[in-house]
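First to last, the protein sequences are chains W and Y. Each residue of the first sequence is one higher than the one before, starting from 0 at the first, in numbering that gives the first Met the number 0. Each residue of the second sequence is one higher than the one before, starting from 0 at the first, in numbering that gives the first Met the number 0.
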Amino acid sequence: MVLTAVAVVLMLAPTASAGSAPASVTITAAVDSFAEWAVAAPSITAGDWFADEIPVASFSAVNQTLTASLAMTLYANVAATLTPSSTGTGILTYGTETLSTSYMITGNVTVPDSDYELAGTGSGQFFASANTYTVTYAPGGGSYTINLLVQAVSPADRAPDAGDYICNVTLTASW
Amino acid sequence: MRHDIVRIAVVVAGLICAAGGLALGGATWSGQQPYTLAVPEHITGTGAEQARSGSLDMPLDHDTPCTITVSVAKAGDEVLASAGDTLVTSYKLTGAALQNGGDGDWVDSSTFLTRNYSVPETGPPDGITIWVRAAAGSGRANNAGTYSASVILTASW
Chain W
0 MVLTAVAVVL
10 MLAPTASAGS
20 APASVTITAA
30 VDSFAEWAVA
40 APSITAGDWF
50 ADEIPVASFS
60 AVNQTLTASL
70 AMTLYANVAA
80 TLTPSSTGTG
90 ILTYGTETLS
100 TSYMITGNVT
110 VPDSDYELAG
120 TGSGQFFASA
130 NTYTVTYAPG
140 GGSYTINLLV
150 QAVSPADRAP
160 DAGDYICNVT
170 LTASW
Chain Y
0 MRHDIVRIAV
10 VVAGLICAAG
20 GLALGGATWS
30 GQQPYTLAVP
40 EHITGTGAEQ
50 ARSGSLDMPL
60 DHDTPCTITV
70 SVAKAGDEVL
80 ASAGDTLVTS
90 YKLTGAALQN
100 GGDGDWVDSS
110 TFLTRNYSVP
120 ETGPPDGITI
130 WVRAAAGSGR
140 ANNAGTYSAS
150 VILTASW
């Protein structure tokens, strides 16, 4: 009788009844405010130019106006300010020869340009310190199209030297 | 004499039950609770290269083999979200006590809810580690802010 009781008690330990133990885990991650260009160093090349909406590869006359545009994507989750600048003059140049160069910004900015502005840092010019653009940020948007349009005009009184004219523009997004 | 033997038997059984602070045959989660896992590094851009991860150790005290399942209190809780915006969320569960060591690679959040992890052995508290990876979406910037998710790990036996 006694031995039976001991055996029954000791056998209880390994005979576990079914059960469960839940544990809830709360997880957090943070996204900071930021703005970044989808493509860091895009380019406008010879095949991007138009004359009166007709694709052209190069100038072929005096006083000829060519235009090109570049649609850029800015990823942003905060109101950003765009400031144009250039490591040079922003004027299309080949050796000592230049083309009259102007720019405008359109797209998702609060006040898009309605006309071209000459490359330069003077008042009313594209690289003037006061010439900035505010991205039309909207919560949940996250992606904005910024168009950089460039216009180049060959001299009216002489043929420019033949060659590849180059310049650069930097659009800096600040927040 | 008969009463003494019975008393000894009861004491022995009581010691077995008390070992490890467990109920008779079972499992409990220990360590600092409630469990919170904050991904330490913030996301500061778009795309998969902005993936950030963190982990949390969740000791499991058990004196019987058990199985860990994953669930949520309500649909979608497993995805890091903030005011309708979401991050690409992945998980891993690892630990030497898990059969085959658990997950060898990241598991997407919906697949994670279907996982069963076997803890075949009994013994001292086992270190179970939950890992989470938060990745920014591509094609747009996620809203700035704190994203949260929650999952429930249930040890059953």
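We treat Cβ as the ideally placed atom computed from N, Cα and C, and that holds for glycine.
#1: Put residue 52 of chain W into one of helix, strand or coil per three-state DSSP.
#2: On the three-pair Cβ rule with 8 Å, is the stretch 50-65 of chain W touching the stretch 66-85 of chain Y?
#3: Could you tell me the boundaries of the alpha helix (DSSP H) in which residue 109 of chain Y lies?
#4: What residues are listed by DSSP as bridge partners for residue 150 of chain W?
#5: Can you list, in chain order, the stretches of the beta strand (DSSP E) that have 3 or more residues and sit fully within the stretch 44-108 of chain Y?
#6: Can you tell me whether residue 126 of chain W is buried or exposed, with buried defined as 16 or more other CB within 10 angstroms of its CB?
#7: At a CB-CB cut-off below 7 Å, which residues of chain W make contact with residue 141 of chain Y?
#8: Could you tell me the alpha carbon to alpha carbon distance between residue 18 of chain W and residue 119 of chain Y, rounded to whole angstroms?
#9: Take residue 141 of chain Y and list the residues in its own chain whose beta-carbon comes closer than 6 Å to its own, dropping the five residues that flank it on each side.
#10: Is residue 125 of chain Y near residue 82 of chain Y, with beta carbons less than 7 Å apart?
#11: Below 7 Å between beta carbons: does that hold for residue 29 of chain Y and residue 62 of chain Y?
#12: Please work out which residues of its chain come closer than 6 Å, Cβ to Cβ, to residue 150 of chain W, disregarding the five sequence neighbours upstream and downstream, and give them in chain order.
#13: Could you compute how far the alpha carbon of residue 71 of chain W sits from the alpha carbon of residue 78 of chain Y?
#14: Helix or strand or just coil, what does DSSP make of residue 143 of chain Y?
#15: What does the alpha-carbon distance come out to for the pair residue 105 of chain W and residue 57 of chain Y?
On the basis of the data shown:
#1: coil
#2: Flag = no, the stretch 50-65 of chain W and the stretch 66-85 of chain Y do not touch.
#3: 108-111
#4: W:66 and W:101
#5: 51-61, 65-70 and 87-93
#6: So residue 126 of chain W counts as buried.
#7: 30, 76 and 141
#8: 16 Å
#9: Here the set comprises 84 and 135.
#10: No, these two residues do not count as a Cβ contact at 7 Å.
#11: Result no, Cβ atoms of residue 29 of chain Y and residue 62 of chain Y do not sit closer than 7 Å.
#12: 66, 101 and 115
#13: 31 Å
#14: Correct three-state label for residue 143 of chain Y: coil.
#15: 54 Å
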